[in-house]
Amino acid sequence: MSAISEELRTEQFVMSLRGVVPYVYEQAWQSVLDGTPLPRTALHRGPDGLLRRTLRPEARFRLQIVDWRATRAEVQDTRLAERLAGESAAGLPLDRAPLMCATLIRRSDRDWTFAWRYARALMDRRAGLRILEEAAEAYAVLLRGGIPRGAAVAALPVAALPGGARPGAGQPGPASPGATSPGPVAPGGPLPRVRPRGPVAR
Numbered sequence: 251m252s253a254i255s256e257e258l259r260t261e262q263f264v265m266s267l268r269g270v271v272p273y274v275y276e277q278a279w280q281s282v283l284d285g286t287p288l289p290r291t292a293l294h295r296g297p298d299g300l301l302r303r304t305l306r307p308e309a310r311f312r313l314q315i316v317d318w319r320a321t322r323a324e325v326q327d328t329r330l331a332e333r334l335a336g337e338s339a340a341g342l343p344l345d346r347a348p349l350m351c352a353t354l355i356r357r358s359d360r361d362w363t364f365a366w367r368y369a370r371a372l373m374d375r376r377a378g379l380r381i382l383e384e385a386a387e388a389y390a391v392l393l394r395g396g397i398p399r400g401a402a403v404a405a406l407p408v409a410a411l412p413g414g415a416r417p418g419a420g421q422p423g424p425a426s427p428g429a430t431s432p433g434p435v436a437p438g439g440p441l442p443r444v445r446p447r448g449p450v451a452r
């Protein structure tokens, strides 16, 4: 399989949110990730079969926002399951940055579902949870009219180590199916801290 068509397996997190402000939430994520190499990181496989990092000049985190309020709750659940399964099967292109994508789905006037996935070769699950917490903290700061502090995730290593990593080497194993559901938040209030409680790993 060529480096262009090869796809990476992904790690996936799903959260239920309440009262989130989409534009501010996207700003929070950008404030965390823009100061790191993660959004600009792509991978290529060398002649020796090793994965190596490539930093693109520019590639920003983008939050896709969709509105399902016109759809019945049971149909929404089916659509969500199908969407997550389809994304998992599709993987992420190896050579295209950012090696992550995120969707914020409006389920009702107050309820949202946030789904975020990234290439396992980019970082492990623990690092992903750390970024989720950084984004929640940045969101709370922005709601107060403040400026988020420099992201602690800036020092996070990319899983593709210098010199490359063999396919699958050092990657986290699959987790038990489930979803992180930190619980509702008040309209316009800060998002809850995320705990490692069975993220959906695809």
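Using our numbering, read the sequence shown as starting at 251 and increasing by one per residue.
Even glycine gets a Cβ: it sits at the ideal position worked out from N, Cα and C.
Bear in mind that the values here come from a model prediction, so they are computed numbers and not experimental data.
Taking the alpha-carbon positions, what's the I397 to D298 distance?
Using only the alpha carbons, I get a separation of about 45 Å.
Where do the N-terminal and C-terminal ends of the beta strand (DSSP E) with S266 fall, by residue?
Segment 260–268, the beta strand (DSSP E) holding S266.
Using 8 Å as the threshold, is the region 282–297 in touch with the region 323–331, meaning 3 or more CB pairs across them?
The region 282–297 is not in contact with the region 323–331.
Between the CA atoms of D359 and W318 - distance to the nearest angstrom
Spanning the two alpha carbons is a distance of roughly 10 Å.
Contact the region 346–354 vs the region 362–379: 3+ CB pairs below 8 Å
The region 346–354 and the region 362–379 touch, with no fewer than 3 CB-CB distances between them shorter than 8 Å.
Nearest by alpha-carbon distance to A339: which of L392, A369, V274, Q314 is it?
Closest in C-alpha terms to A339, from the list L392, A369, V274, Q314, comes A369.
Quick one: measure Cβ to Cβ for L248 and L258, integer angstroms, because I've assumed they're closer than 8 Å.
What the structure shows of the chain is the stretch from 251 to 452, and residue 248 is not part of that stretch, so it cannot be assessed.
E384 burial status per 10 Å Cβ neighbour count (16 or more: buried):
Buried.
Is any non-hydrogen atom of the ligand NAP found closer than 7 Å to the C-beta of S338, if you look at the structure I gave you?
As far as ligands go, the structure on display features none, and thus does not contain the ligand NAP.
Consider the Cβ of R370: report whether some Cβ of chain C lies at a distance smaller than 8 Å.
Looking for chain C here will not work: only one protein chain is present.
Segments of 4+ residues assigned as alpha helix (DSSP H) that fall wholly inside the region 315–395:
When DSSP assignments are scanned along the region 315–395, the uninterrupted stretches of alpha helix (DSSP H) that are 4 or more residues long and fall wholly within it turn out to be 323–340, 375–393.
Is the region 305–319 touching the region 267–280, taking contact as three or more C-beta pairs under 8 Å?
The region 305–319 vs the region 267–280: in contact.
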